[in-house]
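The structure appears right after this line, and notes come after that.
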Amino acid sequence: MAQREWVEKDFYKELGVAPDASADDIKRAYRKLAAELHPDRNPNNPSAEERFKAVSEANNVLSDPAKRKEYDETRRLFAGGGFRRRFNGGAGGGNFGGFGMGGDGAEFNLNDLFDAAGQTGGANIGDLFGDLFGRGGAGQRRSRPRRGNDLETETELNFLEATKGVAMPLRLTSPAPCTNCHGSGARPGTSPKVCATCNGSGVINRNQGAFGFSEPCTDCRGSGSIIEHPCGECKGTGVATRTRTINVRIPPGVEDGQRIRLAGQGEAGLRGAPSGDLYVTVHVRPDKVFGRDGDDLTVTVPVSFSELALGTTLSVPTLDGKVGVRVPRAPPTAGSCGCADAGCPSAAAATETCWSP
1 MAQREWVEKD FYKELGVAPD ASADDIKRAY RKLAAELHPD RNPNNPSAEE RFKAVSEANN
61 VLSDPAKRKE YDETRRLFAG GGFRRRFNGG AGGGNFGGFG MGGDGAEFNL NDLFDAAGQT
121 GGANIGDLFG DLFGRGGAGQ RRSRPRRGND LETETELNFL EATKGVAMPL RLTSPAPCTN
181 CHGSGARPGT SPKVCATCNG SGVINRNQGA FGFSEPCTDC RGSGSIIEHP CGECKGTGVA
241 TRTRTINVRI PPGVEDGQRI RLAGQGEAGL RGAPSGDLYV TVHVRPDKVF GRDGDDLTVT
301 VPVSFSELAL GTTLSVPTLD GKVGVRVPRA PPTAGSCGCA DAGCPSAAAA TETCWSP
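When we follow UniProt numbering, the leftmost residue of the sequence shown carries the number 1, and every step to the right adds one.
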């Protein structure tokens, strides 16, 4: 979803990475900055909170391959001046904000285009310019609320919690639906009114010369509704930054570094719009007994020379208690034995616990 602000913001600079940085480089840079700037570590520090929001916004775009591609294309098209060179050949050529279309002196404002795209739920560059030139009655679509941003956080588990799964509370400080108005933006006891100017569509149609185009309704600012009595807590936005606790169920068999998506638990959208998603990166502390190789568990068990020479049955620990593992007579010096179905939960047909002498 192309946004006007993308032209003015350098997300790569915000995270301190190069424009050709890999996904892993971006992830590492974000984790480092998020840990330094998190509100829990910087209480009563407005500048750190603003910086944390900026870093989170940059990561939200650059960590998503589709958003990053669109951001890069938008920056190249507008910030690089290519758009002006392509369209300023006719009468009325001017600054970045407007461009001449020749003949009848019609002028369109790029900022209005981005506003329209944002208020109607987003569109790619092709859709955005299609609406400009009057494609298919775009102005008749009902305005779609803009979804909230995705959020990222991290948590740490011990080895047993990761293999067995665990339910745990997760504390977040982020924009969330206002508890006073339940996200509507209207004072309790009142409701938003359908905008009479655009009949709730959020956009109005205009004709200039040979062209027809849509623009955001100025009365409702593209939302399709008007709040006559705003909520006193959130000032009509429907969103308030607060600390909340989410009960998270970590599935069995999660691996170190795995990313879990919690739909609808991200940043709240304005005035009742859908919330974004929350991504939880799981870190697993090493265990003193068990190791892990994919879905298999590994454990090292000491054996004597006579046991190796004659064969024996060893008592080997597993996640569900000890089991007997038969060591054959005179195995290779660096061998392993195992028992099926004693590893980590997985969709795989079989797992096993291995040992090495």
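For every residue, glycine included, the Cβ atom is placed at its ideal position computed from N, Cα and C.
Here the structure is a predicted model, which is why all the values come from computation and not from measurement.
The C-beta distance from residue 264 to residue 277 rounds to 7 Å, short enough to meet the 8 Å contact threshold. Beta-carbon to beta-carbon, residue 33 and residue 62 are separated by about 12 Å, too far to satisfy the 8 Å threshold.
Between the alpha carbons of residue 183 and residue 252 lies a distance of about 34 Å.
In the DSSP assignment, residue 316 is bridged to 323. In the DSSP assignment, residue 57 falls within the alpha helix (DSSP H) that extends over 46–62. Within the DSSP bridge table, the entry for residue 214 names 205 as partners. Between residue 316 and residue 325, the beta carbon gap of about 5 Å places them in contact (Cβ cut-off 8 Å).
Around the C-beta of residue 174, 16 or more other C-beta atoms lie within 10 Å, and the residue is accordingly described as buried. In this structure, the beta-carbon distance from residue 234 to residue 178 falls below 8 Å. With distances taken between CA atoms, residue 172 lies nearest to 150 out of 188, 191, 150. Around the beta carbon of residue 157, a 10 Å sphere encloses 16 or more other beta carbons of the protein chains shown; the residue is thus reported as buried. Annotation: the continuous alpha helix (DSSP H) that includes residue 163 extends over 159–164. With fewer than 16 other Cβ atoms from the protein chains shown falling within 10 Å of its own Cβ, residue 289 counts as exposed. Burial is judged here by how many other beta carbons sit within 10 angstroms of a residue's own beta carbon; residue 13 has fewer than 16 and is exposed. Taking the Cβ atoms as the reference, residue 222 lies roughly 4 Å from residue 202, within the contact range of under 8 Å. Non-local beta-carbon contacts of residue 247 in its own chain, meaning distances under 8 Å to residues more than five positions away in sequence, involve 167, 168, 169, 170 in chain order. Going by DSSP, residue 20 is part of no alpha helix (DSSP H) at all; its letter is neither H nor E. Taking every protein chain shown into account, the CB of residue 60 has 16 or more other CB atoms within 10 angstroms, so this residue is buried. For residue 272, the three-state secondary structure derived from DSSP is helix.
Residues 309, 310, 311 of the same chain have their beta carbon placed closer than 8 Å to that of residue 329, with the five preceding and five following residues left out of the count. Residue environment for residue 186: buried (at least 16 other C-beta atoms within 10 angstroms of its C-beta). Under the three-state reduction of DSSP output, residue 227 falls in the coil class, being neither helix nor strand. When the beta-carbon positions are compared, residue 49 and residue 39 come within less than 8 Å of each other. Residue 313 and residue 164 have their C-alpha atoms spaced approximately 27 Å apart. Rounded to the nearest angstrom, the gap between the Cα atoms of residue 193 and residue 225 is 5 Å. Excluding sequence positions up to five before and after residue 55, its CB lies within less than 8 Å of the CB of 14, 15, 30, 33, 34, 37, all in the same chain and listed in chain order.
Distance between residue 243 and residue 76, taken at the CA atoms: about 38 Å.
In its chain, beyond the 5 residues on either side, 159 have a beta carbon closer than 6 Å to the beta carbon of residue 287.
Contact check for residue 148 and residue 267: beta-carbon distance about 4 Å, within the 8 Å limit, so the pair qualifies. Counting only the Cα atoms, residue 219 lies some 46 Å from residue 258. In the structure shown, the three-state DSSP call for residue 74 is helix. The shortest CA-to-CA distance from residue 273 to any of 176, 214, 296, 323 is the one to 176. In the DSSP annotation of this structure, the continuous segment of the alpha helix (DSSP H) that includes residue 309 starts and ends at 305–310. With a beta-carbon spacing of about 7 Å, residue 262 and residue 280 fall inside the 8 Å limit used to define contacts.
Per DSSP, reduced to three states, the secondary structure at residue 41 is coil, with no helix or strand assignment.
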